[in-house]
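Protein sequences appear in the order of chains A and B.
Just so you know, we're using the working numbering here: the first sequence kicks off at 2 and counts up by one.
Just so you know, we're using the working numbering here: the second sequence kicks off at 2 and counts up by one.
Protein chains: 2
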Amino acid sequence: MARKIVVIGGVACGPKAAARAKRLDPTAEITIIEKGNDVSYGACGLPFYLEGEIKDISELNATPVGIPRSPAFFKAVKGVDVKVKTEAVSINRDRKTVTVKYLDAGGVEELPYDKLVLATGSTPVRPPIPGIDLEGIHCLKTLEDGSTIKSAMEGAQGKKAVIIGGGLIGLECIEPLIKAGFEVHVVEKLPFVLPALLDQEMAAPLMGHLKSKGVKLHCNDGVEAFEDDGNGRVARVKTEQTAIDADLVILAIGFRPVTDLAEAAGIETGRMGIKVDAHMRTSDPDIYAGGDCVQSWNIVTGAPMYAPMGSTANKHGRVIANNVCGWNSTFSGVCGTGVCRVMGFNIARTGLTERDARAAGFEVITALTPGPDRPHFMDESKPINMKLVAEAYTGRLLGLQVLGPGEVLSRVDTMAALLKMDGTIDDLADTDMAYAPPFSPALDNLITAAHVVQNKRDDLVRSYTPAELKKKLDDNEDIILLDVRTPPEVEQMSLPYDQVRYIPLGKVREKASELPKDKEIVCLCKISLRGYEAAKMLEGAGFDRNNIRVLDGGIVAWPYEKVIKS
Amino acid sequence: MARKIVVIGGVACGPKAAARAKRLDPTAEITIIEKGNDVSYGACGLPFYLEGEIKDISELNATPVGIPRSPAFFKAVKGVDVKVKTEAVSINRDRKTVTVKYLDAGGVEELPYDKLVLATGSTPVRPPIPGIDLEGIHCLKTLEDGSTIKSAMEGAQGKKAVIIGGGLIGLECIEPLIKAGFEVHVVEKLPFVLPALLDQEMAAPLMGHLKSKGVKLHCNDGVEAFEDDGNGRVARVKTEQTAIDADLVILAIGFRPVTDLAEAAGIETGRMGIKVDAHMRTSDPDIYAGGDCVQSWNIVTGAPMYAPMGSTANKHGRVIANNVCGWNSTFSGVCGTGVCRVMGFNIARTGLTERDARAAGFEVITALTPGPDRPHFMDESKPINMKLVAEAYTGRLLGLQVLGPGEVLSRVDTMAALLKMDGTIDDLADTDMAYAPPFSPALDNLITAAHVVQNKRDDLVRSYTPAELKKKLDDNEDIILLDVRTPPEVEQMSLPYDQVRYIPLGKVREKASELPKDKEIVCLCKISLRGYEAAKMLEGAGFDRNNIRVLDGGIVAWPYEKVIKS
Chain A
2 MARKIVVIGG
12 VACGPKAAAR
22 AKRLDPTAEI
32 TIIEKGNDVS
42 YGACGLPFYL
52 EGEIKDISEL
62 NATPVGIPRS
72 PAFFKAVKGV
82 DVKVKTEAVS
92 INRDRKTVTV
102 KYLDAGGVEE
112 LPYDKLVLAT
122 GSTPVRPPIP
132 GIDLEGIHCL
142 KTLEDGSTIK
152 SAMEGAQGKK
162 AVIIGGGLIG
172 LECIEPLIKA
182 GFEVHVVEKL
192 PFVLPALLDQ
202 EMAAPLMGHL
212 KSKGVKLHCN
222 DGVEAFEDDG
232 NGRVARVKTE
242 QTAIDADLVI
252 LAIGFRPVTD
262 LAEAAGIETG
272 RMGIKVDAHM
282 RTSDPDIYAG
292 GDCVQSWNIV
302 TGAPMYAPMG
312 STANKHGRVI
322 ANNVCGWNST
332 FSGVCGTGVC
342 RVMGFNIART
352 GLTERDARAA
362 GFEVITALTP
372 GPDRPHFMDE
382 SKPINMKLVA
392 EAYTGRLLGL
402 QVLGPGEVLS
412 RVDTMAALLK
422 MDGTIDDLAD
432 TDMAYAPPFS
442 PALDNLITAA
452 HVVQNKRDDL
462 VRSYTPAELK
472 KKLDDNEDII
482 LLDVRTPPEV
492 EQMSLPYDQV
502 RYIPLGKVRE
512 KASELPKDKE
522 IVCLCKISLR
532 GYEAAKMLEG
542 AGFDRNNIRV
552 LDGGIVAWPY
562 EKVIKS
Chain B
2 MARKIVVIGG
12 VACGPKAAAR
22 AKRLDPTAEI
32 TIIEKGNDVS
42 YGACGLPFYL
52 EGEIKDISEL
62 NATPVGIPRS
72 PAFFKAVKGV
82 DVKVKTEAVS
92 INRDRKTVTV
102 KYLDAGGVEE
112 LPYDKLVLAT
122 GSTPVRPPIP
132 GIDLEGIHCL
142 KTLEDGSTIK
152 SAMEGAQGKK
162 AVIIGGGLIG
172 LECIEPLIKA
182 GFEVHVVEKL
192 PFVLPALLDQ
202 EMAAPLMGHL
212 KSKGVKLHCN
222 DGVEAFEDDG
232 NGRVARVKTE
242 QTAIDADLVI
252 LAIGFRPVTD
262 LAEAAGIETG
272 RMGIKVDAHM
282 RTSDPDIYAG
292 GDCVQSWNIV
302 TGAPMYAPMG
312 STANKHGRVI
322 ANNVCGWNST
332 FSGVCGTGVC
342 RVMGFNIART
352 GLTERDARAA
362 GFEVITALTP
372 GPDRPHFMDE
382 SKPINMKLVA
392 EAYTGRLLGL
402 QVLGPGEVLS
412 RVDTMAALLK
422 MDGTIDDLAD
432 TDMAYAPPFS
442 PALDNLITAA
452 HVVQNKRDDL
462 VRSYTPAELK
472 KKLDDNEDII
482 LLDVRTPPEV
492 EQMSLPYDQV
502 RYIPLGKVRE
512 KASELPKDKE
522 IVCLCKISLR
532 GYEAAKMLEG
542 AGFDRNNIRV
552 LDGGIVAWPY
562 EKVIKS
């Protein structure tokens, strides 16, 4: 008897599982059930459709050679039946059937399965804010959403857009709106953007960049109501702190897993989605689940996490197909890797932020290492800032944040590989990363970050994070900030605090005796490499090393007040 | 008593070891001995000086804030004495001294050491070819070489340049010469360029690219003599196969470690440099060595290798400083990672090529996976070709080659991290690489390559490499090449063999019965993803799977004859 496989959900995980299962078992009878009209599309491309880089939205569900991924395509090429506009209304585990409703044709049917795959995906979070159902308030999830927003952008009466939520999708919507001439406001409940990806000090330069591009950020603020224009259209967004006129609102607060079908069938779910084991099997051994509807594992902490990503969904689909066809195949989890580009600024993260790591109970060492992404003598060289987080005692790598106009992908992917392998800072320091001036510095920024963490572990350098130093300055502590940059650099940018003293690095050995030995001295330069040299010089000159500190990341990574000569 | 450290060699490893040793032990007395006039310069930047991207050669030995790394700088900032124009003439191990000769001032001196660091670097290979000492034949290694070649380029009578050696340095010299209006010839002894980095099939597209840019490649050819113009200048390069007029010759055959000083002192050396242990310690426990003068370890094979890279030299310096100052610090080796860009074409390699791996005795599985570096619907998307090499039984990762106009750095660095950690293809498949359309496809090319290797390991797909298929075609075997691309694709590019049959993938299920069941059928498409689907369809349709094969990498990776419609 041919194996009957039913897959609920037609995007990413579902089609991947179906197509591979058919390759593994050509005799299997496989059916994909999809509520919507489209299957197997690249939802992650939607912002680039809005922006205009993708001219025709149909490119998002065509193959690389331009063939639409339609039910006919799936039948002819993949040997899989696809039923669109078809809703799965119940899973009847006792009979091993799924009851489906044909949304266009009408009628219901009960489809038998030997193995069932749940790839029901996620849905945008829509909190019960007054006015949330007004016209002009959009989510971005499906191709239909993409078309609707594109039309709304073109037809908007005015040019004021409000994005609710400063996460990945929210930020990806900025550039299309700016390019289309909108004034863009972003309302974020937390004190900084990308709060799920970044520590606050790392978000600071991104926020500065967005402001410099004209984006109005409203952090630490929440929406209280959407106000009507009298005709059922949104006209204003009323927040806790202000009110913003709006011709267009994009709701990008996040996604939640679609689990109702599974729950109704008595399949175990957690707070973050359908529970699956390492084989992507649910609490029912004949039912598998993957993609945005499941609760993932964090490789670093071993704890459940929600990680709706197209990359992960595809991997899930492959593992599910293997198991459904009788193999024994596992998936080892994710580390929350994410990347995005906003107005020429790249942001990437993998593993844990410092905040995540501390919340998970880790004692950590961090390095804050801004620097050029290539040797400074190359025209292509652009700055990036980097924060590496490692476990204090073992040196185990925990996470990386890297952002700036420069290259971030190679660094975040390298780190993701090391996190997968449970690597330490010593492993990272010995990783043979590629070097040539058009690509990277001789010691890659990531290797330098490993060295900084090693130096801290080995008590060669004692430092303050920007937040720690800021607190001391705010408390008016009697400390010295020793800035060892050259006079032209100081002219360009400086810290506006009375505690600052200037001695260029080359003069520190000579002038050390002018500094008091009984005060705390915090050494810094542009990125604190020379700051570190200065600290070692002072130690060598007999200063009590308990009094000597370095400012992590130097003036470049300082997220607070700076005097910048424009 | 202050610890006395003498460092022989003023570039990369030497200065790094010296500066860090001073930070670890501020009381140490440290001296760097350098035969040349410059210290601590970025030799890897020289091609970009020749090209004009770097305007002033002094940028290559300045700090990022523009301070020259002179002896005065080293004294003031690093606390290290630097003696330039000073040659170490002997190491007197019994007395623990180094005899140095002052090249400008004259005179000799014996410098005592507690610990000695050999960072004597490498020297270009100059084989005893007749005429090699003629004027106009240059090597590229030092700042002085850079200045000399730059002047020679500007002053050349004609515009014909011959590069001897198609390795990294040779290829990096192409673009500066082309930009300066030279006709560029490259003479390479082996059948293809970058023979130390690539397998032949991977070099093919690079060679095609170079030819399309007007570069004249003379592979499988060696220099027999350099001919005189009658005035002591080179005028022609006589090779085994031809003779090439030359106004300028760049000799880039490779580098060899400088070991004479060490050898004279009775320190153990190997064929590939000074022998060191994992602590970078030579056979004399008070003498360390690092950088281009030492024999490295290959992490993958555990065997000695020669790997002169600025990145590695800097890492060596750090480890040496740790050990010299009494710590216990090791370096775990390299995997021969390399990257370069030539005329808009990126090439990267880490670990072993298939050839290397087989020579080292490994049974291997390889994947050849060309594809776009980003989703096909993004404007920025550019092709790359990739070859992944893994150990057949364990699935252990062995090496990666990746090249093309698209992004290569993130892929090679990710792989380098996995090689460092002794990862397998299953680890790679589960690596949480970053995904967003401006950066990468949902399943990164590297993940896809892992999946292909998994499929081969699991006997889901049987394939021929291009070389294996070519042999069958050359032998006129009675096989079918089943090309399942669409008619417009076929029109664009096709294979000129009688054995080719065309059935677009969507028709394969329907038309399978038209194909003979007793012949070998090799399925292919653009990149062999659809070829793989077709193979599975034929197997499903009852074809004997012993007769069904897929062509690795499809028509894109086919390095032999193709009909291309321009």
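Note that the Cβ used here is the ideal one computed from N, Cα and C, for glycine as well.
Keeping to the same chain, check which residues put their C-beta closer than 6 Å to that of N221(B); ignore five residues upstream and five downstream.
P192
On the three-state DSSP scale, how would you describe E364(A)?
coil
How close, in whole Å, do the beta carbons of M154(B) and L252(B) come, if the pair is a contact with beta carbons under 8 Å?
Not quite, the Cβ-Cβ distance comes to about 15 Å (not below 8 Å), so this is no contact.
Residues near G407(B) by beta carbon distance below 8 Å, same chain, minus five either side
N347, P373, D374, R375, S382, K383, P384, I385
Check this for me: beta carbons of A13(A) and G337(A), under 8 Å apart or not?
no
Taking Cβ positions only, does S333(A) come closer than 8 Å to chain B?
yes
Would you mind sorting E111(B) into buried or exposed? The rule is 16 or more other CB atoms within 10 Å of its CB.
exposed
Which of the three DSSP states, helix, strand or coil, is assigned to P497(A)?
coil
Proximal residues to L178(B) (C-beta, below 6 Å), its chain only, five neighbours per side dropped
A162, V185
Span of the beta strand (DSSP E) around V187(B):
184-188
What are the start and end residues of each continuous beta strand (DSSP E) run of 3 or more residues lying completely inside the region 286-320 of chain B, in chain order?
288-290
Using beta carbons (cut-off 8 Å, strictly below), is T432(B) in contact with chain A?
yes
For the region 115-126 of chain A against the region 212-221 of chain A, are there 3 or more C-beta pairs whose distance is under 8 Å?
no
Please classify Q402(B): does DSSP put it in a helix, a strand, or coil?
strand
For K512(A), does the count of other Cβ atoms within 10 angstroms reach 16, so buried, or fall short, so exposed?
exposed
Which of the three DSSP states, helix, strand or coil, is assigned to M434(B)?
coil
Are any of the Cβ atoms in chain B nearer than 8 Å to that of S71(A)?
no
Considering only the alpha carbon of each residue, which of E490(B), P438(B), L552(B), K563(B) lies closest to Y498(B)?
K563(B)
At a cut of 8 Å, does the region 428-436 of chain A reach the region 450-470 of chain A through at least three beta carbon pairs?
yes
Determine the direct distance from the alpha carbon of P442(A) to that of K388(A), and round the result to whole angstroms.
17 Å
Output yes or no for whether 8 Å exceeds the beta carbon distance between G532(B) and L552(B).
yes
At 4 residues or longer, what runs of the alpha helix (DSSP H) sit wholly inside the region 454-499 of chain A?
467-475, 488-493
Per DSSP, C326(B) forms a beta bridge with which residues?
Note: C326(B) sits in no beta bridge, so no partner.
My parser needs the alpha helix (DSSP H) runs of 4 or more residues fully inside the region 128-191 of chain A; what are they?
144-156, 169-173, 175-180
Buried or exposed: T370(B), going by 16 or more other Cβ atoms within 10 Å of its Cβ?
buried
For Q201(B), which residues of its own chain have a beta-carbon under 6 Å away from its beta-carbon, when the five flanking residues on both sides are left out?
F193
V295(A) versus L262(A): straight-line alpha-carbon distance, rounded
13 Å
Closest by C-alpha distance to I170(B), when choosing among A290(B), K520(B), G46(B)
G46(B)
Cα-Cα, which of A265(B), W298(B), G267(B) is closest to H280(B)?
W298(B)
Report the rounded CA-to-CA distance for G507(B) versus K76(A), giving the unit in angstroms.
9 Å
Enumerate in chain order the residues of its own chain whose CB-to-CB distance from Y103(A) is below 6 Å, with the five nearest sequence positions on each side excluded.
T87
Can you list, in chain order, the residues of its chain whose CB lies under 8 Å from that of R502(A), leaving out five sequence neighbours each side?
I481, L482, L483, D484, L516
Determine, using beta carbons only, whether K421(B) comes closer than 8 Å to chain A.
yes
Can you give me the C-alpha to C-alpha distance between K217(A) and V187(A), rounded to a whole angstrom?
6 Å
Closer than 7 Å, Cβ to Cβ, to anything on chain B: give me those residues from the region 4-23 of chain A, in chain order.
none
V8(A): which of P467(A), A290(A), G396(A), L539(A) sits nearest, CA to CA?
A290(A)
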